[in-house]
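**Q** One structure, as structure tokens, below. Some questions next.
There are 2 protein chains.
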Amino acid sequence: MATMADVARHAGVSLSTVSYVLSGKRSISGPTRERVLSAIAATNFAPNARGQALASRRSRTIVLLFPALAHDLGTMNMEFVDGTLQTAREHGYSVMISVSDDPYEETERAARRGFADGVLVMEVELEDPRVALLQARDFPFALIGHQRDNAGIDFVDLDFAHAIGLCLDHLAELGHRRVGLLLPLIPTRSASYGPSSRSREAFTAGLATRGLTGELFICPATATGGYDIVSRITATDPGMTGLIANSPQLVPGMLRAGRAAGLDVPDDLSIMALASHRVAEAASPPLTAVDFPAVEMGRLGAEMLIARLEDGPASRPTQHLLRGDLTLRGTTGPAPRRPPPP
Amino acid sequence: MATMADVARHAGVSLSTVSYVLSGKRSISGPTRERVLSAIAATNFAPNARGQALASRRSRTIVLLFPALAHDLGTMNMEFVDGTLQTAREHGYSVMISVSDDPYEETERAARRGFADGVLVMEVELEDPRVALLQARDFPFALIGHQRDNAGIDFVDLDFAHAIGLCLDHLAELGHRRVGLLLPLIPTRSASYGPSSRSREAFTAGLATRGLTGELFICPATATGGYDIVSRITATDPGMTGLIANSPQLVPGMLRAGRAAGLDVPDDLSIMALASHRVAEAASPPLTAVDFPAVEMGRLGAEMLIARLEDGPASRPTQHLLRGDLTLRGTTGPAPRRPPPP
DNA sequence: CTGAAAGCGCTTACAG
DNA sequence: CTGAAAGCGCTTACAG
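Quick note, the sequences are listed as chains G and H, same order.
The UniProt record's numbering puts the first sequence at residues 1 to 342.
The UniProt record's numbering puts the second sequence at residues 1 to 342.
Now the structure itself:
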């Protein structure tokens with residue numbers, strides 16, 4: 001591989017001139033620039049990223065910081081990744097993906113070793129130790145998710161309270177009187193995992209104002225997680241005719257349990273979820289859902305982080321709390337006249 | 001952040017001694033090592049990855065080279081990523097994910113810019129220009145997938161011919177006489193995309209030996225892709241009672257089309273897929289499938305590439321053609337006595 | 001408008 | 001067993 005020194009020799013100029021032609025950071029005369037450019041072409045030169053990173057103290061790399069990935073291999077996580085990659089690429093940044101059983105240690109590693117310029121933190125808790133660490137170290141970051149206290153922090157998140165409110169409104173309008181919210185239990189995240197706690201609160205608070213009663217269920221985010229809960233519900237609480245899944249991963253099991261109990265969706269049982277457009281469409285049957293703009297959140301997260309890297313710590317933070325729309329796709333319907341068969 | 005020079009000063013030794021304590025590449029006296037180690041602890045030092053990368057000419061980073069990701073955001077791709085990440089992490093490597101509308105250009109970029117030590121190529125074609133490029137440039141790589149000619153190349157792939165054979169055996173044993181294979185059309189990949197062409201060939205060749213007749217269908221890898229094909233089949237070719245999906249993403253649409261035509265799965269129509277255990281289990285209903293060991297393929301791919309990076313180009317290549325097992329989960333059954341209602 | 005040189009933070013021959 | 005020094009391939013003040 002040709003180095004910048006090779007190009008300089010080839011063009012008969014100094015190494016720094018080659019560098020400045022590439023960066024545009026000082027004006028170069030027409031003829032000199034020509035010679036350099038054709039030398040670059042002739043040697044098939046491309047600047048070495050390692051040399052650039054060391055000299056400029058910028059690697060143009062960001063890290064997407066997943067906690068343990070294995071628990072949630074769903075399409076929605078891939079959508080976050082996809083959005084992040086798209087935006088990073090548009091800005092000339094590379095993206096590393098980091099996954100660990102020990103997210104805190106992994107965060108520290110990213111901040112200390114300096115292979116990347118900043119990190120995008122996923123699956124944020126209300127008081128996330130990773131965030132405290134990054135702040136203490138003054139290492140650039142942005143959140144996909146948000147904490148309880150977000151002063152000065154760049155973040156993008158779904159407005160879970162709003163989403164749950166839309167679900168309750170919808171079910172109430174359809175005449176359901178008793179509803180359930182299923183929250184996936186994420187092994188590595190504590191009880192203060194943002195989406196779970198915010199949905200839980202909104203659900204609890206939102207029941208009364210709509211004249212509903214309901215119950216919260218926590219289950220493994222697996223195929224059988226939703227199945228077991230809904231089996232129990234159909235067996236013991238037939239009046240609960242409307243169900244909300246905080247994650248689309250629970251839904252296949254929920255549908256199966258409904259079917260096993262002889263219930264038709266949506267005639268006997270209404271099921272809705274928080275799910276990206278894509279995931280809701282691909283499901284079988286397509287799901288009535290509040291749209292979870294996962295790709296856009298990945299995009300905005302990368303956007304914020306890169307802006308922070310380029311503008312420095314001074315500029316004021318960007319905070320996006322996105323509201324999803326309700327899209328009807330047929331898994332919810334009017335509450336059954338009388339409770340379905342036991 | 002403390003540098004190695006800080007540590008050296010703190011310990012009263014030379015910078016090189018600190019480096020050697022860390023690398024273990026020469027013997028250090030007990031007392032000296034002690035002083036260095038406690039200086040490292042006192043300064044909270046961690047070696048700077050950029051300096052290491054430049055000096056050692058190794059970044060301990062590999063790139064996972066996806067073609068355009070947007071077409072296939074499925075769980076199975078996430079499983080490849082997950083396997084790669086797990087293994088990379090065990091070896092102290094970082095993983096970059098790269099996605100592009102122009103995979104060739106992206107490959108060239110990775111090889112020229114030198115931000116990574118090697119690349120893992122996904123979605124390989126029978127004669128993949130990216131592979132030719134990497135070979136010409138002598139840039140380390142391994143394939144998840146394989147070409148027609150694989151001399152000297154490290155790769156891991158599913159044995160698609162074997163998998164399709166298992167499917168045909170299974171359907172033939174169940175008494176099906178006429179079967180279909182659905183291949184997802186991947187926009188960015190040409191007709192010579194490995195999995196499609198190998199499955200196609202095995203299917204065509206395998207029909208006769210089992211006394212079957214059948215047909216091939218190519219459809220968009222979307223929710224509606226499988227739907228449209230199966231709608232047509234049920235309308236025009238009711239004797240086709242066994243269907244194989246080369247990708248699980250087609251299945252939800254296929255099931256929906258079956259249902260819309262008033263057909264029961266598996267009583268009237270048998271559907272099976274090539275799908276990872278996880279994806280097949282999570283589907284609703286769970287799918288009879290030939291297991292696609294996506295996580296393991298990600299692991300093996302990373303393993304091979306890292307071995308190549310550590311051992312150099314001399315050692316002979318590793319080539320894994322994995323065979324998946326058939327797992328029955330209830331979407332296939334005996335062929336109906338007479339063709340189902342039209 | 002351009003060049004010579006210092007320096008980014010390491011690794012690793014070269015010396016002793 | 002340890003140190004002084006060259007060098008990895010760039011960027012960017014410092015000079016002119």
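Glycine residues also receive a C-beta, built at the ideal position from the N, C-alpha and C atoms.
Taking C-beta pairs closer than 8 Å, name the residues in chain H that G:N77 reaches, listed in chain order.
**A** In the first sequence, residue 77 of chain G corresponds to position 77, counting from 1. Those are M78, listed as they occur along chain H.
**Q** With a threshold of 6 Å on Cβ separation, who are the neighbours of H:V7 within its own chain once the five nearest residues in sequence on each side are excluded?
**A** Residue mapping note: residue 7 of chain H aligns to position 7 of the second sequence, counting from 1. V18, A39, I40, T43 and F45.
**Q** Where does residue 407 of chain G land, buried or exposed, given buried means 16+ other C-beta within 10 angstroms?
**A** This structure cannot settle anything about residue 407 of chain G, because the visible part of chain G is limited to 1 through 342.
**Q** Assess, as a yes-or-no matter, whether the region 56 to 67 of chain H is touched by the region 257 to 277 of chain H under the definition of 3 or more beta carbon pairs within less than 8 Å.
**A** Contact between the region 257 to 277 of chain H and the region 56 to 67 of chain H is absent, because fewer than three Cβ pairs lie under 8 Å.
**Q** The alpha helix (DSSP H) that contains G:D6, what's its start and end?
**A** In the first sequence, counting from the first residue as 1, residue 6 of chain G sits at position 6. Segment M4 to A11, the alpha helix (DSSP H) holding G:D6.
**Q** For G:D311, does the three-state DSSP call read helix, strand or coil?
**A** Along the first sequence, one-based indexing puts residue 311 of chain G at 311. Three-state DSSP puts G:D311 in a helix.
**Q** Using a Cβ cut-off of 9 Å, pull out every chain H residue sitting near G:A136, in sequence order please.
**A** Looking up residue 136 of chain G in the first sequence gives position 136. Ordered by position in chain H, no residue passes the 9 Å Cβ test against G:A136, which lies about 12 Å from the chain.
**Q** Give me the chain H residues within the contact set of G:N150, using Cβ-Cβ distance strictly less than 8 Å, ordered along the chain.
**A** As a position in the first sequence, residue 150 of chain G is number 150, starting the count at 1. What G:N150 touches in chain H: nothing, since even the nearest Cβ is about 26 Å away.
**Q** Determine the chain H residues that contact G:E281 at a beta-carbon separation under 8 Å, and present them in chain order.
**A** For this step, residue 281 of chain G is matched to residue 281 along the first sequence. By Cβ distance, chain H contributes A223.
**Q** What residue from H:L185, H:D102, H:P336 and H:I233 has the CA that sits closest to H:P129's CA?
**A** Position 129 of the second sequence, counting from 1, holds the residue named residue 129 of chain H. Closest option to H:P129, Cα to Cα, is H:D102.
**Q** How about H:V99: is its C-beta nearer than 8 Å to some C-beta of chain G?
**A** Against the second sequence, residue 99 of chain H aligns to sequence position 99. Judged by the 8 Å Cβ criterion, H:V99 is in contact with chain G.
**Q** So which residues on chain H does G:R329 lean against when the C-beta distance must stay under 9 Å?
**A** Walking along the first sequence from the start, residue 329 of chain G turns up at place 329. What G:R329 touches in chain H: nothing, since even the nearest Cβ is about 11 Å away.
**Q** If you follow the alpha helix (DSSP H) that G:Q135 is in, where does it begin and where does it stop?
**A** Numbered from its first residue, the first sequence carries residue 135 of chain G at position 135. Note, G:Q135: alpha helix (DSSP H), P129 to R137.
**Q** Assuming contact is defined by CB atoms lying nearer than 8 Å, are G:T234 and G:A257 in contact in what I supplied?
**A** Locating residue 234 of chain G in the first sequence gives position 234, where the first residue counts as 1. Locating residue 257 of chain G in the first sequence gives position 257, where the first residue counts as 1. Yes, the pair counts as a contact, with Cβ atoms nearer than the cut-off.
**Q** Starting from G:E79, trace the beta strand (DSSP E) both ways and give me its first and last residue.
**A** Residue 79 of chain G sits at position 79 when you count from the first residue of the first sequence. That residue, G:E79, is in no beta strand (DSSP E); its alpha helix (DSSP H) goes T75 to E90.
**Q** Check whether the region 241 to 249 of chain H touches the region 171 to 189 of chain H, taking contact to mean three or more Cβ pairs, one atom from each stretch, closer than 8 Å.
**A** In short, these stretches touch, since the Cβ pair count reaches three.
**Q** Where does G:F45 fall in DSSP's three states?
**A** Taking the first residue of the first sequence as 1, we reach residue 45 of chain G at position 45. Residue state, collapsed to three classes: coil.
**Q** Would you tell me roughly how many angstroms separate the C-alpha atoms of H:R89 and G:R112, rounded to the nearest one?
**A** Your numbering for residue 89 of chain H matches position 89 in the second sequence. Your numbering for residue 112 of chain G matches position 112 in the first sequence. Answer to the nearest angstrom: the Cα atoms are 17 Å apart.
**Q** Around the C-beta of H:Q135, are 16 or more other C-beta atoms found within 10 angstroms, so that it is buried, or is it exposed?
**A** Here residue 135 of chain H refers to the residue found at position 135 of the second sequence. Exposed, because fewer than 16 other Cβ atoms sit within 10 Å of the Cβ of H:Q135.
**Q** Output yes or no for whether 8 Å exceeds the beta carbon distance between G:A202 and G:G225.
**A** Within the first sequence, the letter at position 202 stands for residue 202 of chain G. Within the first sequence, the letter at position 225 stands for residue 225 of chain G. Not a contact, by the Cβ cut-off of 8 Å.
**Q** Could you tell me which residues DSSP puts in a beta bridge with G:P67?
**A** Locating residue 67 of chain G in the first sequence gives position 67, where the first residue counts as 1. Beta-bridge pairing links G:P67 to G:S100.
**Q** Does any CB atom of chain H fall closer than 8 Å to the CB of G:G114?
**A** Within the first sequence, numbered from 1, the residue matching residue 114 of chain G stands at position 114. Closer than 8 Å to some Cβ of chain H, the Cβ of G:G114 qualifies, so yes.
**Q** What number of angstroms, rounded off, separates the C-alpha of H:R200 from the C-alpha of H:L181?
**A** Looking up residue 200 of chain H in the second sequence gives position 200. Looking up residue 181 of chain H in the second sequence gives position 181. Spanning the two alpha carbons is a distance of roughly 8 Å.
**Q** With distances taken between CB atoms, is the gap from H:H162 to H:R329 smaller than 8 Å?
**A** What you label residue 162 of chain H is simply residue 162 of the second sequence in a count that begins at 1. What you label residue 329 of chain H is simply residue 329 of the second sequence in a count that begins at 1. Their beta carbons are not under 8 Å apart, which means H:H162 does not touch H:R329 by this criterion.
**Q** Under a three-way DSSP split, which group does G:M123 fall into?
**A** Position 123 of the first sequence holds residue 123 of chain G. Looking at the sequence itself, residue 123 of chain G is Glu, so the reference to Met does not match. G:E123 falls in the coil class under three-state DSSP.
**Q** How close, in whole Å, do the beta carbons of G:A142 and G:R308 come, if the pair is a contact with beta carbons under 8 Å?
**A** What you label residue 142 of chain G is simply residue 142 of the first sequence in a count that begins at 1. What you label residue 308 of chain G is simply residue 308 of the first sequence in a count that begins at 1. Sure, about 6 Å apart at Cβ, within 8 Å.
**Q** According to DSSP, is H:P342 part of a helix, a strand, or is it coil?
**A** Position 342 of the second sequence holds residue 342 of chain H. Only weak support exists for where H:P342 lies, its pLDDT of 47 falling under 50; the coordinates are left without a value.
**Q** List the residues of chain H whose Cβ lies closer than 9 Å to the Cβ of G:R256, in chain order.
**A** For the purposes of this step, residue 256 of chain G is taken as residue 256 along the first sequence, with counting starting at 1. The answer, in chain order, is S284, P285 and P286.
**Q** When DSSP labels each residue in this structure, what does H:V230 get in the three-state scheme?
**A** Start at 1 with the first residue of the second sequence, and residue 230 of chain H comes out as number 230. DSSP places H:V230 in helix when its eight states are reduced to three.
**Q** So if DSSP puts G:I244 in a beta bridge, which residue, or which two residues, is it bridged to?
**A** Looking up residue 244 of chain G in the first sequence gives position 244. G:I244 pairs with G:L181 and G:M272.
**Q** By Cβ distance below 6 Å, which residues in the same chain neighbour H:D325 in space, the five residues on each side in sequence not counted?
**A** Numbered from its first residue, the second sequence carries residue 325 of chain H at position 325. Excluding residues within five positions, the ones whose Cβ falls inside 6 Å are D291.
**Q** Thinking just about the alpha-carbon of each residue, which of H:P67, H:V21 and H:S27 is nearest to the one in H:L37?
**A** One-based indexing of the second sequence puts residue 37 of chain H at position 37. For the residues H:P67, H:V21 and H:S27, the minimum Cα distance to H:L37 belongs to H:V21.
**Q** To which residues does DSSP link residue 400 of chain H through a beta bridge?
**A** Because residue 400 of chain H is not part of the residues shown, which for chain H are 1 to 342, the question remains open.
**Q** Taking buried to mean at least 16 other C-beta atoms within 10 Å of its own C-beta, is G:G12 buried or exposed?
**A** To locate residue 12 of chain G, count along the first sequence from 1; it is residue 12. With fewer than 16 other Cβ atoms within 10 Å, it is exposed.
**Q** When you compare the CB of H:S94 with every CB in chain G, is at least one pair closer than 8 Å?
**A** Counting from 1 along the second sequence, the entry for residue 94 of chain H is found at position 94. H:S94 counts as touching chain G.
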